[in-house]
Each structure stands twice: as C-alpha cells, then as structure tokens.
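In our numbering, the protein residues as written are -8 to 351.
What follows is a short report on a single structure.
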Ligand SMILES: [Zn+2]
Ligand SMILES: [Zn+2]
Ligand SMILES: [Zn+2]
C-alpha cells in the first residue's frame, strides 16, 4: 500500500509553537470545512476607476516611496487611506483591572506591487519581484528608523476576496506597530527555548530534517510499513539560498513556507544575491500553488526578528521566513472553537502534488 492511499488520522503538533496543532484527517467523511469558491480572476491590465492603476495617482494619498521615482514607477508605496493604526493618537496606555490597552500608535502603508491591475505574483518577472522585495526591505528599515517606539513591522499580502483583499489591484501592506504580534512573539519565545536546550536554531534543524531525513516507521504489531519518510519529502522548491517547504504540521492545507538556507534572523539582512534567489523561489512556489489549486487566493506574511530590546539575544535562535497561506476553505466552528485546524490532505501528499508541477 502506498502512503497516499493510507488514511491518516492524527493530531500533529507544530514543532516551533507546540500550542498550535493541526488535525490531519484524510478519511473521506472528514469534511468539516466548506470549500472556498474560486474567485473569478480579474486579469485586466488597466481599470479606469482603480486608484492603484498607473495614471490614477491623484486618487490615492500621496506617494511615500516609489521605484523608480516618477510616473514610470514599477512599485509604489502610499499611506493607507483607512489605517488600522495612526500616528496622531494622544490617548495614553490604559490599564484598568484586567482590561489593558496600548495606544494604537503606528504606521500603515500600502505597497502597490505592480502597475498592472490584475497581474498575479507568479506572472511578474523575476526582475520585478527583486524590486518588490527590495521595497519591502526598504520600508521595513525606514519605519524602524523613523520611530524608536516601533517594535515590529509586519509586511503582508492579501490576494483574493477570501483572503480579505478589499481592492482587487495587486498590493501588499506594511504595518509598523508598537507591540510584537503574538504569532511572532510565540515563535521567538519557543525558538529561544529550543536554542537554550539544543544550541541550535530550530528552523535550521527543520530545514536539515526536510532536506536529509529518511525513515520508515513500522507498525509495532503487524510489522507493516506505517509511514515512509523520504528525502526531501517536504521540499517543494529549492534554490541556491532559499528553500520552500510544506510544513509537517500546518494550519492551511496548502501552506508553504520559504526560508533562507543559511541561518539569518532578520529579513533586512538579505543581500542582493539572496534577494534574486528569493524572487525566483517565490515565483516558482506561487506558480506551483496556482497550478495545483487554480486561481489561488492567499495571504502571505513575513516573520522576522522584532526590533526591540527583549529579543536582543535571539539573533542565533530565530530565523526569518515567509509564510504563504492559500485560502481554499472557510474555517468552521470546530476550528474556531477548538483552535485545532483540520487538514483533509496530508502535508506529504500536498507537497508531492506541488513538486510534481512541471515548470520551465
Ligand atoms: Zn488597478
Ligand atoms: Zn536558523
Ligand atoms: Zn512564522
């Protein structure tokens, strides 16, 4: 029996953040999730009334940065018209009993990824993606520099209505915030604990495992093969400096993470050669996802070492990465109520399908 027809029913613990787990259940009856309808693809090049299309610059707040500067911009950054955090807040931090609030200070910018309205990430040239990643880096750096109160700058992208994108034109967002978001804080904390015990970065260990692990797990009673783990089972794309893997315990069925092969804590430390390789690995990973799930709606976000004093000793234990979370189904009450996400395809099978896509 091959591993793909065996029914898997198991709860997998996220090795980095053990409080997060996923129920992998490939049994046919296990369909608690409603499938997300594929979004009709809008691939128009230019839309007259779209504020992000080239030529409509007067419809957005003023330009914060653009590359290159001027009318022929290829990537352009503007203030968010409806910021979730603002810089003119005067209320002081509120602490009342168990109710605590931190002043919602911060900055919120929109990066218009490309002048073309409906272009998908995997359709952009590598050259263009190098420029886009450079803009991510530039804005993160500038926002940290601008204000010492900023503890984290989150870069993320929503693509498709299921992923919460309110404007169809392809764009990313940057939010500079006065706190370290919980997801990042948990990763930083747990990887620091792992490092204290093992003197190794857990992300580096996971990459090593993904690249070299080989094992056969036998059923204790019958002696038959329960699972075979083969070399590169979780790897879906590998470049000179980056690897894209399907995590062993991921909350979204088609979730893919991209990590630098060489240990690096902070995204802003990437050099030009790394950036070029990241552009290529990202483009190919997105092309694989698009080919397998068709018209992917997704969120992606960068997790990188926060710039605050509490994590000064985490340079060796934390490893930045990009998490891509395609939205193929709507979480149900079971998932929201239990925090246990359900995956109806095994991560090994998902990785095999993604790897099997023929790209040039
Ligand atoms: Zn547009
Ligand atoms: Zn590492
Ligand atoms: Zn992460």
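Where is the CB? At the ideal position from N, CA and C, for every residue including glycine.
Note that the structure is predicted; figures quoted are calculated from it, not measured.
When the Cα atoms are used, residue 265 and residue 233 turn out to be separated by approximately 8 Å. With the criterion CB distance below 6 Å from any heavy atom of ligand 3, the matching residues run 178, 294, 312 and 314 along the chain. A straight-line Cα-Cα distance of about 45 Å links residue 335 and residue 53. Per DSSP, the beta bridge partners of residue 316 are 290. Restricting attention to 96, 38, 102 and 77, the CA atom closest to the CA of residue 69 is found in 102. What you get when you keep residues with a C-beta closer than 7 Å to any heavy atom of ligand 2 is 192, 194, 195, 254 and 310. For residue 139, the closest C-alpha among the options 167, 325 and 62 is that of 167. In terms of CA proximity to residue 18, -2 leads the group -2, 3, 36 and 10. Close CB contacts of residue 230 within its chain, under the 7 Å cut and outside five residues either way in sequence, are with 268, 271 and 272 (chain order).
In this structure, residue 148 lies near residue 292, with their beta-carbon atoms less than 9 Å apart.
Residue 104 is not a Cβ neighbour of residue 76, given a cutoff of 9 Å.
Per DSSP, residue 207 is one residue of the beta strand (DSSP E) stretching across 206 to 209. The three-state secondary structure of residue 284, taken from DSSP, is helix. For residue 160, the Cβ falls inside the 8 Å cut-off from some heavy atom of ligand 1.
Of the other Cβ atoms in all chains shown, 16 or more fall within 10 Å of the Cβ of residue 238; this residue is therefore buried. Every beta strand (DSSP E) of 3 residues or more that sits fully in the segment 149 to 230 is shown, in chain order, as 162 to 168, 206 to 209, 216 to 220 and 226 to 229. Taken in chain order, the whole alpha helix (DSSP H) runs of length 4 or more contained in the segment 90 to 146 are 117 to 137. Collapsing the DSSP output to three states places residue 46 in coil. For residue 258, there is no enclosing alpha helix (DSSP H), since its DSSP letter is neither H nor E.
Contact annotation: the segment 149 to 156 touches the segment 276 to 288, with at least three C-beta pairs closer than 8 Å. The three-state reading of DSSP puts residue 308 in coil, since its state is none of H, G, I, E or B.
Judged by DSSP secondary structure, residue 1 falls within the beta strand (DSSP E) whose first and last residues are 0 to 4.
Residue 67 is bridged by DSSP to 57 and 103. Sorting 217, 41 and 117 by C-alpha distance to the C-alpha of residue 162 places 41 at the top. In the DSSP annotation of this structure, residue 334 is not part of any alpha helix (DSSP H); the continuous beta strand (DSSP E) holding it starts and ends at 332 to 334.
Residue 12 is a Cβ neighbour of residue 3, given a cutoff of 9 Å. Under the criterion of beta carbons closer than 8 Å, residue 261 and residue 131 do not qualify as touching, at roughly 11 Å. For residue 56 and residue 115, the gap between their C-alpha atoms comes out near 20 Å. Fewer than three pairs of CB atoms, one per stretch, sit closer than 8 Å, so the segment 313 to 327 makes no contact with the segment 198 to 215.
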